[in-house]
Amino acid sequence: MVFLEALMLIFSSVSVGYKQTHHFQCFTKSQITHCLFISLHHFQARQDAAVDVYERLPVPFGLVRFGVAPDHPEVKNVINTFTQTAQHERCSFHGNVNVGKDVTIDELRQAYHAVVLSYGAEGNRSMGISGEDLPGVFSAKDFVGWYNGLPSNKELRPDLSCETAVILGQGNVALDVARILLAPVEMLKETDITQNALEALAGSKVRRVLIVGRRGPLQIACTIKELREMVNLPNTRADMLPADFEGIAEALKDLPRPRKRLTELMMKAAKEGGDDKAEKCWGFRFFRSPVEVIAGADGKRATGIRLALNKLEGSGESARAEVTGQLEDVDCGLIISSIGYKSIPIDPAVPFDPRRAIVPNEMGRVQDTAGLYCSGWVKRGPTGVIATTMNDSFDTARVLIQDMEAGKLDLSVNKPGAQAITALLQTRGVRTVLFSHWEKINAEEEKRGKFLGKPREKLLDVDEMLKIAWS
């Protein structure tokens, strides 16, 4: 069965099938967004398409659930569409299945006419500097997972007793993290942020957040929506370095409109600063690369970061950062690396490009492996927003349908699909979570959230999820 790709960073898988029965499978790693998009496309394009989704966690929706910021509920509305797709008579969800461990890709390929890999980018890109493993240093992926209720990050417990936090990277995720660190608790308490994170943030001493990038204002990776949210954040002011913006005004006229608007807003924030009475501040620091995390006198935790000052070679989007030999130390007790994610291999039977950290493919067709496809971050790398993911998923779905109609997939042979996989999993002691089981978890989360005045209070323990699902 074929399912649209998932959006997060865990393990799962989806299969696609056609009622003859042509079965196709889509596998996610808590990245259920892509699989659902793929499923939607198949249902619209083919009346004989059936889709099974396999997900490592007992809960669906991947990055929409665990990656989208809690104060962006409008983005999470896409879950309504996903729910309709998952409830389609030709789609089935199978949670609590770790593809690559509980079941192999080869076993899935034997049971389905096609398999779609859409398991996202679970790995972190290393900074490759001394001290990055010290307490007080976190990846943005883990920090976001902590406040969004990802079970594997529930024990994170970041120390927020410091005054200054440094975020390395200047993309939208970096700005999400900065905003959550500085936002008034009153803004967050009615969101689906976890209660543990909310209580920790309520006691936070962080008053200053620096967002560091290797290149300059014209190369910043965030979008205007996220920047505007920072500029308008209550009780905060912008704290920029005028030297970082030298010569930028002259370059404005030649910029594409989106980049121009973003840069103008940034320059306005840098010039005006904001409310002088604000208790908190944030600012970009450009032309800087991390070279060392500085440990305290006892060597047991991070107390600062050493940055190399850069100059740019070239111009525009292709400009490269070159170190100058000058260094700068910044005192801080919290360091969050937001320099990107990377996909990881999940099964020896699946080709993998370790340099690019993707499954090698041509338009979604996995290299040298007929009937195996990929979509989303594992296909192209961890970039883009939900709309990017949707379009990419549709592209993979179209390619799969083209192969089916061109006779590249043998649909003359009946494939057992989920029936065979479920039986196989049972022999291995693995019980799946169906969408109806997820609805029990959902109801319990909404019940707990209502008590707290929130849309939901996410369950953080997988065993508790399973107990409720199968009750």
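Residue numbering for the sequence shown is -17 to -1, 1 to 454, as defined by mature numbering (1 follows the signal peptide of the UniProt record, and there is no 0). Heads up, the beta-carbon is just placed ideally off N, CA and C, and yes, glycines get one too.
Take the Cβ of A280 as the centre, count every other Cβ of all protein chains shown within 10 Å, and call the residue buried at 16 or more, exposed below.
exposed
Where does the unbroken alpha helix (DSSP H) through R289 begin, and where does it stop?
No alpha helix (DSSP H) holds R289; the beta strand (DSSP E) holding it covers 285 to 296.
Does the distance from the C-beta atom of T66 to that of Y130 stay below 8 Å?
no
Candidates G196, A161, S122, of which the one nearest L292 by Cα
With distances taken between Cα atoms, L292 lies closest to G196.
Length of the line joining the Cα atoms of L449 and K398
29 Å
Less than 8 Å between the CB atoms is what I'm expecting for residue 517 and F76, so what's the real figure, rounded?
With the chain represented from -17 up to 454, any question about residue 517 goes unanswered, as that position is not in the structure.
Helix, strand or coil: how does DSSP classify Q309 here?
strand
Quick check: D54 and T174, are their CB atoms within less than 8 Å of each other?
yes
Beta-carbon proximity check, D312 vs I277, cutoff 8 Å
yes
Between A148 and V189, is the Cβ-Cβ spacing less than 8 Å?
Result yes, Cβ atoms of A148 and V189 sit closer than 8 Å.
P273 by DSSP, collapsed to three states: which one?
strand
Counting pairs of Cβ atoms below 8 Å between the segment 317 to 336 and the segment 352 to 367, do you hit three or more?
Contact between the segment 317 to 336 and the segment 352 to 367 is present, because at least three Cβ pairs lie under 8 Å.
Given E57, which residues of its chain have a CB within under 7 Å of its CB, disregarding the five upstream and five downstream residues?
Scanning its chain for C-beta atoms nearer than 7 Å, with the 5 sequence neighbours on each side dropped, one finds no residue around E57.
Beta-carbon proximity check, A353 vs I318, cutoff 8 Å
no
At which residues does the beta strand (DSSP E) containing A32 begin and terminate?
32 to 38
Might you give, ordered along the chain, the residues of its own chain that have their beta carbon closer than 6 Å to the beta carbon of H420, omitting 5 neighbours on each side?
A452
Y1, DSSP secondary structure in three states:
Residue placement at Y1 is flagged as unreliable, the pLDDT there being 39, under the threshold of 50; the coordinate-derived value follows with that caveat. Note: Y1 maps to strand in three-state DSSP.
In this structure, how does DSSP classify Y130 when only helix, strand and coil are distinguished?
helix
Which residues in the same chain as L158 place their Cβ atom closer than 8 Å to its Cβ, once the five residues preceding and following it in sequence are excluded?
I194, C205, E209, L210, E212, M213
Hey, would you say residue 481 sits closer than 8 Å to L290, going by beta carbons?
There is no way to answer for residue 481, as the model of the chain reaches only from -17 to 454.
Quick check: what's the CA-CA separation for residue 459 versus V413?
The first residue shown for the chain is -17 and the last is 454, placing residue 459 beyond what the model contains.
Assign F434 to buried or exposed, taking buried as 16 or more other Cβ atoms, counted over all protein chains shown, within 10 Å of its Cβ.
exposed
Locate the alpha helix (DSSP H) running through L92, then write down its first and last residues.
Before going on, a small fix: residue 92 reads as Arg here, not Leu. Element bounds for R92: 88 to 94.
Local conformation of N136 per DSSP, three classes:
Here N136 sits in helix by DSSP.
Please determine whether the Cβ atom of H420 lies at a distance below 7 Å from any heavy atom of the ligand GDP.
The ligand GDP is absent from the structure shown, which contains no ligand whatsoever.
L392 (DSSP reduced to helix, strand or coil):
coil
Could you tell me which residues DSSP puts in a beta bridge with L449?
Beta-bridge pairing links L449 to no other residue.
Compute the Euclidean distance between the alpha carbons of S376 and R162, then round it to the nearest angstrom.
30 Å
As an exercise, report each continuous alpha helix (DSSP H) stretch of at least 4 residues that is fully enclosed by the segment 114 to 192, in chain order.
Whole alpha helix (DSSP H) segments, 4+ residues: 123 to 131, 155 to 165, 168 to 171, 178 to 185.
Beta strand (DSSP E) runs wholly inside the segment 327 to 403, at least 3 long, in chain order
355 to 357
For S113, which residues from the same chain have a beta carbon less than 6 Å from its beta carbon, with the 5 sequence-adjacent residues on both sides left out?
E275
For H77, which three-state DSSP category applies?
Looking at H77 - three-state DSSP - the assignment turns out to be strand.
Give the straight-line distance between the Cα atoms of S144 and G316, rounded to the nearest whole angstrom.
8 Å
Out of P331, V34, M223, F267, state which residue places its alpha-carbon closest to the alpha-carbon of I150.
F267
Please say whether L417 and V86 have beta carbons closer to each other than 8 Å?
no
Using the Cβ count rule (16 or more neighbours within 10 Å means buried), how would you classify E300?
With fewer than 16 other Cβ atoms within 10 Å, it is exposed.
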